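Student: In my numbering, the protein residues as written are 331 to 616.
Just so it is clear, CB atoms sit at the ideal spot from N, CA and C, and this is done for glycine as well.
Predicted model, so just to flag it, every value in this text is computed and none were measured.
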Amino acid sequence: MDVSTLGHRRAPLAVAAALVTASLVTLPASPAAAAPGLASHRAVYDLKLVRSQGKRSLQSVRGRILYDFSGNTCDGFVLQFRQVSELDNGEGKVAVSDLRSSTWEEGAAKTFRFNSQNYINDRPGDMVDGKAERRDDKVAVSLTKPKETAFDLQAGMVFPTEHMRRVLDAAIEGKTLLELPVYDGSENGQKAYNTLTVIGQPIGPENRTEGDATAGQAALEGLRRWPVTISYFDRAAPQGEQTPVYSIGFQLYENGVSRALRLDYGDFVVSGEMSQLDIKPDRACP
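#1: Quick one, are the C-beta atoms of G393 and L377 less than 7 Å apart?
#2: With respect to the beta strand (DSSP E) encompassing R430, which residues constitute its N-terminal and C-terminal limits?
#3: Can the beta-carbon of P511 be found closer than 7 Å to that of M487?
#4: Flag this pair as touching only if the stretch 465 to 480 and the stretch 498 to 512 have three or more C-beta atom pairs under 8 Å; answer yes or no.
#5: Would you mind sorting G437 into buried or exposed? The rule is 16 or more other CB atoms within 10 Å of its CB.
#6: Going by DSSP, name the residue or residues bridged to I502.
#7: Which same chain residues end up closer than 8 Å to K626 when comparing Cβ atoms and leaving out the 5 residues on each side of it in sequence?
#8: Relative to the alpha-carbon of A373, which residue among I578, D608, G546 has its alpha-carbon at the smallest distance?
#9: Which residues mark the beginning and the end of the beta strand (DSSP E) in which M604 is found?
#10: Return the chain-ordered list of same chain residues with a C-beta closer than 8 Å to the C-beta of K385, the five sequence neighbours on each side being excluded.
#11: Check the DSSP bridge columns for Q383 and list the partner residues they point to.
#12: Count the other CB atoms within 10 Å of the CB of T467; is the residue buried (16 or more) or exposed (fewer)?
#13: V380 and V600 look like a contact to me (Cβ under 8 Å); what is the Cβ gap, rounded to whole Å?
#14: Could you have a look at R589 and say whether DSSP puts it in helix, strand or coil?
#15: Name the residue from K610, I560, Q606 whose alpha carbon lies nearest to the alpha carbon of D273.
#16: Since V458 and G534 are thought to touch, with beta carbons under 8 Å apart, how far apart are those beta carbons, to the nearest angstrom?
#17: Where do the ends of the beta strand (DSSP E) carrying A566 lie?
#18: I need the DSSP call for P574, collapsed to helix, strand or coil.
#19: Looking only at its chain, what residues have a beta carbon closer than 6 Å to the beta carbon of R592, apart from the 5 residues adjacent to it on each side?
#20: When the Cα of E435 is compared with those of S446, E492, Q383, S387, which residue comes out closest?
#21: In this structure, does DSSP put D612 in helix, strand or coil?
#22: Nearest-angstrom Cα distance between N518 and Q447?
#23: For E463, does the three-state DSSP call read helix, strand or coil?
#24: Tell me the DSSP secondary structure of Q484 in three-state form.
#25: Just mark R464 as buried or exposed, buried being the case when its beta carbon has 16 or more other beta carbons within 10 Å.
#26: Could you check the C-alpha separation between S370 and G406 for me, to the nearest Å?
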């Protein structure tokens, strides 16, 4: 996902990828039909600054994420994502970023389509539009915006919803580490990331939540959840320079709902508290 001062699109994430989204071994890509079912849902997260330091120090951050996820393995999975962030450096400079994106991912994780645009202070930035297709020995990416181009990625690359399913599988199997290369159409559609997911001990359903929209949700009754942190690394960075570009922490339920976001960009950390959660009726495959 993206925070406006970074000036690029990171989604999906995020948070967009993380929210759908996340043994140290790179796993091969494979269909995710056996993974736990992902609940169709609409969630709203309120953002605020936790801490800030360094050259990009901020005085305040406020904003909101709207996350709308639906689909099944037959029709594919659709994500509508919007993040509006207002950042104040305390010196009279306020930047407002409005990131809007939509994606569709085939249930078998063979095709991924994406479209996004970020507005800075109401001025439109580059639009990104493209698709990625999994083939026998590669992942073929074709972009129509910001300019027409095509390139290939390694065969083991995974897409955001598939990434989320792998994280859930790993958590349910009791694994604590998962390493995967991920492509989500970010950075003008031309960049993929290495990810490292750290999964904590499960939190049982008897440990009820308080203070956010998950409290008292019937659809979450009886479900376990896990503390998860996903770190994103630049694949082009020299060996040995393994500082993450950013990391995302959250609590992940068995049905794919995420709460208690923590977005760490190094110079500043932002929290996201769920203020609204609507579980949608699932559409079963024919």
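Tutor: The structure says:
#1: Sequence index remark: in the sequence shown, residue 393 carries index 63 (1-based). Sequence index remark: in the sequence shown, residue 377 carries index 47 (1-based). Going by C-beta atoms, G393 is nearer than 7 Å to L377.
#2: By 1-based counting over the sequence shown, the position of residue 430 is 100. Looking at the DSSP string, the run of the beta strand (DSSP E) that includes R430 is 424 to 435.
#3: Locating residue 511 in the sequence shown gives position 181, where the first residue counts as 1. Locating residue 487 in the sequence shown gives position 157, where the first residue counts as 1. Yes. Within cutoff.
#4: Because the criterion of three Cβ pairs below 8 Å is not met, the stretch 465 to 480 and the stretch 498 to 512 do not touch.
#5: Walking along the sequence shown from the start, residue 437 turns up at place 107. By the 10 Å Cβ count, G437 comes out buried.
#6: Position 172 of the sequence shown, counted from the first residue, corresponds to residue 502. DSSP lists no partner for I502.
#7: The structure shown does not extend to residue 626, since the chain is modelled only from 331 to 616, so the question has no answer here.
#8: By one-based count along the sequence shown, residue 373 stands at place 43. Ranking the options by Cα distance to A373, first place goes to D608.
#9: The residue given as residue 604 occupies position 274 in the sequence shown. In the DSSP annotation of this structure, the continuous segment of the beta strand (DSSP E) that includes M604 starts and ends at 598 to 609.
#10: Along the sequence shown, read from residue 1 onward, the residue named residue 385 stands at position 55. Around K385: D597.
#11: The count along the sequence shown starts at 1 and reaches residue 383 at position 53. Q383 is not bridged to any residue.
#12: As a first step, residue 467 is located in the sequence shown; it is residue number 137 there, counting from the start. A quick correction: the sequence has Asp, not Thr, at residue 467. Flag for D467 reads exposed.
#13: For the purposes of this step, residue 380 is taken as residue 50 along the sequence shown, with counting starting at 1. For the purposes of this step, residue 600 is taken as residue 270 along the sequence shown, with counting starting at 1. The beta-carbon separation of V380 and V600, rounded to 6 Å, stays under the 8 Å limit for a contact.
#14: On the sequence shown, position 259 is the one that residue 589 refers to. Looking at R589 - three-state DSSP - the assignment turns out to be strand.
#15: The question about residue 273 has no answer, for the chain in this structure spans 331 to 616.
#16: Working through the sequence shown from its first residue, we reach residue 458 at position 128. Working through the sequence shown from its first residue, we reach residue 534 at position 204. That belief does not hold up - the Cβ atoms of V458 and G534 are roughly 41 Å apart, past 8 Å.
#17: Mapped onto the sequence shown, residue 566 falls at position 236. Looking at the DSSP string, A566 is not in any beta strand (DSSP E), and its letter there is neither H nor E.
#18: Counted from its first residue, the sequence shown places residue 574 at position 244. Of the three classes helix, strand and coil, the one that applies to P574 here is coil, per DSSP.
#19: Counting from 1 along the sequence shown, the entry for residue 592 is found at position 262. Sequence-distant partners of R592 (beyond 5 residues in either direction) whose C-beta falls short of 6 Å from its own C-beta, in its chain, are G579, S601.
#20: Stepping through the sequence shown from its first residue, residue 435 is reached at position 105. That would be E492, whose Cα lies nearest to the Cα of E435.
#21: In the sequence shown, the residue the question calls residue 612 occupies position 282. In this structure, D612 counts as coil in the three-state DSSP scheme.
#22: By one-based count along the sequence shown, residue 518 stands at place 188. By one-based count along the sequence shown, residue 447 stands at place 117. Computed Cα separation, rounded: 9 Å.
#23: Your numbering for residue 463 matches position 133 in the sequence shown. Correct three-state label for E463: strand.
#24: What you label residue 484 is simply residue 154 of the sequence shown in a count that begins at 1. In this structure, Q484 counts as coil in the three-state DSSP scheme.
#25: Residue 464 sits at position 134 when you count from the first residue of the sequence shown. R464 is buried by the Cβ-count criterion.
#26: Within the sequence shown, the letter at position 40 stands for residue 370. Within the sequence shown, the letter at position 76 stands for residue 406. S370 and G406 have their C-alpha atoms spaced approximately 12 Å apart.
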